[in-house]
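See structure below.
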Amino acid sequence: MKTRLSLLVAGLVPVFLLVAAFTQAPTAPASPEIGATAPAFTLQGADGETYTLADFEGQHVVLEWLNFGCPYVKKHYSSGNMQALQSKYAEEGVVWLSVVSSAPGKQGYYPADEMMALNAEQGGQQMAILLDPEGTVGRAYGARTTPHMYIIDAEGTLVYKGGIDDKPTADPSDIEGATNHVSVALDAALAGEEIPVTTTPPYGCSVKYAAAQ
Amino acid sequence: MSRLFSLLPRWLLVAVLLVSPAPPAWAQLSDGLTGPDDRSPYSAATLVSEGASIQPGVPFTVALRLDMDPHWHSYWENPGDSGQPTSLTWALPEGFTAAPFQWPYPKRIDLGPLTTYAYEDVVHLLVEVTPPADLAPGTSVELAGEAVWLICEEVCLPAREAVALTLPVRTEAPAPSPSAPALAEARADLPTTVSDWTVRATRNGRTFALYATSASGRQLDPEGLQFFAATRSTIDHAAPQPVTREGNAYLVALQESDYAASPAERLRGTLVAPAGETWDAAGRYRALAVDVPVEDAQAAGLEAAGGADASGPPSLVWTLLLAFAGGLILNLMPCVFPILSIKILSFAGQQGASAATLRRHGGVFGAGVIVSFWVLAGLLLALRAGGDQIGWGFQLQSPPFIALMALLFFGLGLSLLGVFEIGLGLMQKAGQLERTAQQGEASLTGSFFSGVLATVVATPCTAPFMGAALGVALTMPAWQSLVVFTALGAGMAAPYVLLSMAPRLIDRLPRPGPWMETLKQGLAFPMFATTVWLVWVFGQQAGIDGVAFLLLACLVLGVAAWALGRWNPVRTGGRVLVPRTAAAVGLVGAVALGLMGAQASPATSMASASAGADVWQPWSQERVEALRAEGRPVFIDFTAAWCLTCQVNKRTTLRTETIQDAFADRNVALLEADWTNEDPAITTALESFGRSGVPLYVLYPGDGSDPVLLPEILTTSIVLNALDRLPNPSTVASATP
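Going down the list, the protein sequences come from chains W and L.
First residue of the first sequence: 2, per this note's numbering; consecutive thereafter.
First residue of the second sequence: 330, per this note's numbering; consecutive thereafter.
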């Protein structure tokens, strides 16, 4: 019996080694893949607090790339659509973080106090606006557009990335009748169900990253 | 084995390919857009016609003309990473129909890490309009609509404008309008087919290869050749598109988009020749239309090699055939063939039994084999699911793991050479089971379990040889993996089942004999080759002292194996306590030595690098910053000893004289980030490029602009092309670091 077990082990281990060697080789993704651990980060909030992704373990986290100067962002803020999502899911215990990766001097960048004032004016209901002027976190997540949405589950796994909905326009009248990918994904995730669509093309303005890094 | 190692990664890249949804349908437009008072800032839209009049029932061409301020742009059919395509909502008179836009080829605009496809200055988006046949000549018609576009410099503004055009209806053919030359120019910029050129596309993992082949062998400057995909989530817009020449073809390599969501069955878009070059000899067309099915690179390669017909076998079918053949070949492995003979003996023993009984036993035996393969598949799939979490690459970063692997392969090699036998006891068990099966009359359970046993006993021999099929299977969805494993099992069971159907064939089988021993012993050498590779990897991690420990561990293991074989139960009449104890002590000692070796410091390991290695400096973020501050171009090789692709690239490309000279000519500082041992600084650096693994090749131009990421699989021309694109070196004087 012992021999048989050891034989099994001896037989399977090389298989695993081969598999390990070969699966290692294929290309790595340019942005984190669905099902992979979301890149860790610590960022300063516009409110002066420090926010670390790992601190929210056990809760679902939404990352929303934000640029208040962008017409696509205006579409979702002037209509109240984004704020409604933020407060609805805050009530369900979801951590909603808006990330600004605009570099100083570029559209969407504001010093912390101005950002707070602007957000109050817009009625933003997110937990915090995180400042990423060097674009490090934006690049780690492969954030391309504002808005660009990411959902991280309670275990820290990336479960959704992409557009906020399926109508890639800057026209607020397109919000009605659009399928909101983020709320579909969050509802499924909170109900413990499988998320039907985990990746969609993001749409919006380009993230105004610092020119060289 | 080493051949396997170098060949397999390509296979594995046969992954599922994904593509984009169609461009979004435009909703009816409305007011209420936030934005400046000017409804079309920095740009203006007009509707223009090619002809000065129209004829009843005769289609004619108009264009939406966008005039943009300098540095502002509007977007193509596929806007790229951000932006929005221009649209026109028509309000046409009764009976008129308008076709969709025909888009002239766009320009690539890079914004930091993002790439968009856009138009600058002025663009004419062509539309074919068909009027009704019952138009009355002498009247006039008004074509109207509302254009909506996005106008961007670095910031973007939405724009919209009502456009209209009134044209007289005449019976005679229209005279050209003042806009006709501009429309003719726009038409020449539409992607078009050129009779001399054929285009095809293949896919290998996350990489597409687009081939443009000229029948006449026409050549053009490949520098700046650029493919624009018409659909949004097909290719990575920002990725470099290295061009190589193969025979009469230009091969453009494209990376798949991270947002690809379904298998890409076609590549649609345009391949644009560099400025000043055209596809046709007359010098008219820069944009070659591309709308081709994507072939699987494996199938395509086989086609090319075998000259098979155009519709090569689909990859799954092909894999299944390979798996079945692989299963058949497993029967020739020395661990398996004896089982076959045991089984055959049992057939012989059942000669009295009816043919039907025999068939039933054969079928049940086959089922046993297949079920065992399913269990193996399930185990592997479970591990794959787990492996996604832990990341298999990390296993190979662990020196103790490598040491144990090296010992295991060394031991397997010794066993195959016949130094000791590990399968004997099991084979005897199998024999006993067979016999009980016969005694217990027609015990189908016995047949089933001898099938299971055959698979289990065979595993040590078969495992390394199944690697190929397993590797492919693991890149597939679970159900496909199961199908592949079923094919493997079916292949392995096939001879038994066949024999149970036609027992007379038994006489035709090659008898077990010395040839098998030769085969078995020969197979020891691939095992030793693997051991050598593992020791080399281990040496990178643990240095020369570590290697000494590991080799000592191999020696002790060898002694233990020898003791076990020299005093085996057959020779010693069953007295096995002493040799077994000695072997056990030896095994424990070997493992302990290997693990001790794994503790050795790698401090001295880097000293023994290959020739030319002194040019390569160890990577650190500070060093990168310092070199960039000097204005020098920097090339970083993120690598690891256990990463096969990295090693292949290093040998075939990076460390060749051509490339080293090219680096020196351009005064490129060469840094190597060695991730063989997990290094948090390197992990962070990889993450900053959005990567989770190696290889990664980063080239910083010397002028402080954004780095260029090279593809995972390098060729000399890819690297040279990237180097040629560097800004002109101003600091060539100090060519050596």
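Every residue gets a Cβ at the ideal spot worked out from N, C-alpha and C, and that includes glycine.
Computed from a predicted model, the values in this text were never measured in an experiment.
The region 1022-1039 of chain L in contact with the region 527-543 of chain L per 3-pair CB rule at 8 Å: no
Alpha carbon of G654 of chain L to alpha carbon of L600 of chain L, nearest angstrom: Translated into positions along the second sequence, residue 654 of chain L becomes position 325. Translated into positions along the second sequence, residue 600 of chain L becomes position 271. Just to set this straight, residue 654 of chain L is Ala in the shown sequence, not Gly. Using only the alpha carbons, I get a separation of about 41 Å.
9 Å Cβ cutoff, E406 of chain L in contact with chain W: Against the second sequence, residue 406 of chain L aligns to sequence position 77. No, no contact with chain W.
H690 of chain L in three-state terms, based on DSSP: Taking the first residue of the second sequence as position 1, residue 690 of chain L is located at position 361. DSSP places H690 of chain L in helix when its eight states are reduced to three.
Spatially closest choice to L706 of chain L from L:A602, L:L617, L:L811, by CA coordinates: Within the second sequence, the letter at position 377 stands for residue 706 of chain L. According to the sequence provided, residue 706 of chain L is Ala. The question's Leu does not apply to it. That would be L:L811, whose Cα lies nearest to the Cα of A706 of chain L.
Given 8 Å, three or more beta-carbon pairs between the region 850-864 of chain L and the region 907-914 of chain L: no
Ordered list of beta strand (DSSP E) runs contained in the region 966-1049 of chain L, each at least 3 residues: 998-1003, 1025-1029, 1037-1039
Three-way DSSP call (helix, strand, coil) for Y540 of chain L in this model: The residue you call residue 540 of chain L lines up with position 211 of the second sequence. In the structure shown, Y540 of chain L sits in a strand (DSSP, three-state: E or B).
For F857 of chain L, three-class secondary structure by DSSP: Along the second sequence, read from residue 1 onward, the residue named residue 857 of chain L stands at position 528. Note: F857 of chain L maps to helix in three-state DSSP.
Span separating the alpha-carbon of Q327 of chain L from that of I731 of chain L: Chain L is shown only over 330 to 1066; residue 327 of chain L falls outside these bounds and no answer can be derived.
Contact check, S969 of chain L vs V1023 of chain L, beta carbons under 9 Å: Translated into positions along the second sequence, residue 969 of chain L becomes position 640. Translated into positions along the second sequence, residue 1023 of chain L becomes position 694. First, the residue type needs correcting, since residue 969 of chain L is Ala and not Ser in the sequence shown. Against a cut-off of 9 Å, the Cβ pair of V1023 of chain L and A969 of chain L comes out as a contact.
N-terminal and C-terminal residue of the alpha helix (DSSP H) that M397 of chain L is part of: Looking up residue 397 of chain L in the second sequence gives position 68. Looking at the DSSP string, M397 of chain L is not in any alpha helix (DSSP H); the run it does join, the beta strand (DSSP E), is 389-397.
S378 of chain L - containing alpha helix (DSSP H), residue span: Translated into positions along the second sequence, residue 378 of chain L becomes position 49. Not the alpha helix (DSSP H): S378 of chain L falls in the beta strand (DSSP E), residues 372-378.
G125 of chain W versus M83 of chain W: straight-line alpha-carbon distance, rounded: As a position in the first sequence, residue 125 of chain W is number 124, starting the count at 1. As a position in the first sequence, residue 83 of chain W is number 82, starting the count at 1. G125 of chain W and M83 of chain W: Cα-Cα distance of roughly 8 Å.
For C206 of chain W and S184 of chain W, the rounded distance between their alpha carbons: One-based indexing of the first sequence puts residue 184 of chain W at position 183. One-based indexing of the first sequence puts residue 206 of chain W at position 205. C-alpha separation (whole angstroms): 21 Å.
Touch test, the region 195-203 of chain W against the region 164-171 of chain W, Cβ-Cβ under 8 Å, three pairs minimum: yes
Under 7 Å by beta carbon: chain L residues contacting Y210 of chain W: Numbered from its first residue, the first sequence carries residue 210 of chain W at position 209. Going along chain L in sequence order, the residues near Y210 of chain W (Cβ under 7 Å) are G441, P442.
C-beta neighbour in chain W for L395 of chain L, strict 9 Å: To locate residue 395 of chain L, count along the second sequence from 1; it is residue 66. Not closer than 9 Å to any Cβ of chain W, the Cβ of L395 of chain L fails to qualify, so no.
Supposed contact pair V208 of chain W and A144 of chain W - C-beta distance, whole angstroms, cut 8 Å: As a working note, residue 144 of chain W is residue 143 in the first sequence. As a working note, residue 208 of chain W is residue 207 in the first sequence. Contact flag correct, Cβ pair sits at about 5 Å.
Beta-carbon proximity list for A559 of chain L, same chain, < 7 Å, skipping 5 on both sides: Within the second sequence, numbered from 1, the residue matching residue 559 of chain L stands at position 230. E406, N407, R597, G598, listed in sequence order.
Cβ-based neighbour list, S99 of chain W, same chain, cut-off 6 Å, excluding 5 preceding and 5 following: Start at 1 with the first residue of the first sequence, and residue 99 of chain W comes out as number 98. These residues qualify, in order along the chain: E65, L67, Q127, I130.
Beta carbon proximity, G205 of chain W to chain L, threshold 9 Å: Here the question's residue 205 of chain W lines up with position 204 in the first sequence. With 9 Å as the cut-off, G205 of chain W counts as an interface residue toward chain L.
CB contact below 9 Å: P1056 of chain L versus chain W: Walking along the second sequence from the start, residue 1056 of chain L turns up at place 727. Not an interface residue.
V888 of chain L to K979 of chain L span [Cα, whole Å]: Within the second sequence, the letter at position 559 stands for residue 888 of chain L. Within the second sequence, the letter at position 650 stands for residue 979 of chain L. Distance between the alpha carbons of V888 of chain L and K979 of chain L: 38 Å.
Below-9 Å beta-carbon distance, F778 of chain L vs any chain W residue: On the second sequence, residue 778 of chain L is found 449 positions in, with the first residue counted as 1. Taking Cβ atoms only, chain W never reaches closer than 9 Å to F778 of chain L, which makes this a no.
Through-space distance from V813 of chain L to L651 of chain L, alpha-carbon basis: For the purposes of this step, residue 651 of chain L is taken as residue 322 along the second sequence, with counting starting at 1. For the purposes of this step, residue 813 of chain L is taken as residue 484 along the second sequence, with counting starting at 1. Each residue's Cα considered, the two are about 9 Å apart.
Boundaries (first-last residue) of the beta strand (DSSP E) holding P487 of chain L: Here residue 487 of chain L refers to the residue found at position 158 when the second sequence is read from its first residue. Here the beta strand (DSSP E) through P487 of chain L covers 485-497.
Proximity test, Cβ basis, 9 Å: R895 of chain L and chain W: Taking the first residue of the second sequence as position 1, residue 895 of chain L is located at position 566. Closer than 9 Å: no.
Any chain W beta carbon closer than 9 Å to E594 of chain L: Against the second sequence, residue 594 of chain L aligns to sequence position 265. Taking Cβ atoms only, chain W never reaches closer than 9 Å to E594 of chain L, which makes this a no.
Chain-ordered residues of the region 141-166 of chain W with a beta carbon less than 7 Å from chain L: A141, G143, R145, T146, G163
Partners in chain W for V781 of chain L, counting only beta-carbon separations shorter than 8 Å: The residue given as residue 781 of chain L occupies position 452 in the second sequence. The contacting residues do not exist; V781 of chain L stays about 11 Å from chain W at best.
Neighbourhood of V826 of chain L by C-beta, 8 Å cutoff - its chain only, sequence neighbours within 5 removed: Position 497 of the second sequence holds residue 826 of chain L. So the list reads G691, G692, F694, G695, once near-sequence residues are dropped.
CB contact below 9 Å: Q108 of chain W versus chain L: Taking the first residue of the first sequence as position 1, residue 108 of chain W is located at position 107. Closer than 9 Å to some Cβ of chain L, the Cβ of Q108 of chain W qualifies, so yes.
Close-in-space but distant-in-sequence residues of the same chain around C883 of chain L (CB under 6 Å, 5 per side omitted): On the second sequence, position 554 is the one that residue 883 of chain L refers to. F739.
Burial state of H402 of chain L (16 or more Cβ within 10 Å): Indexing the second sequence from 1 puts residue 402 of chain L at position 73. H402 of chain L comes out buried.
Any 3 or more C-beta pairs closer than 8 Å across the region 465-473 of chain L and the region 496-513 of chain L: yes
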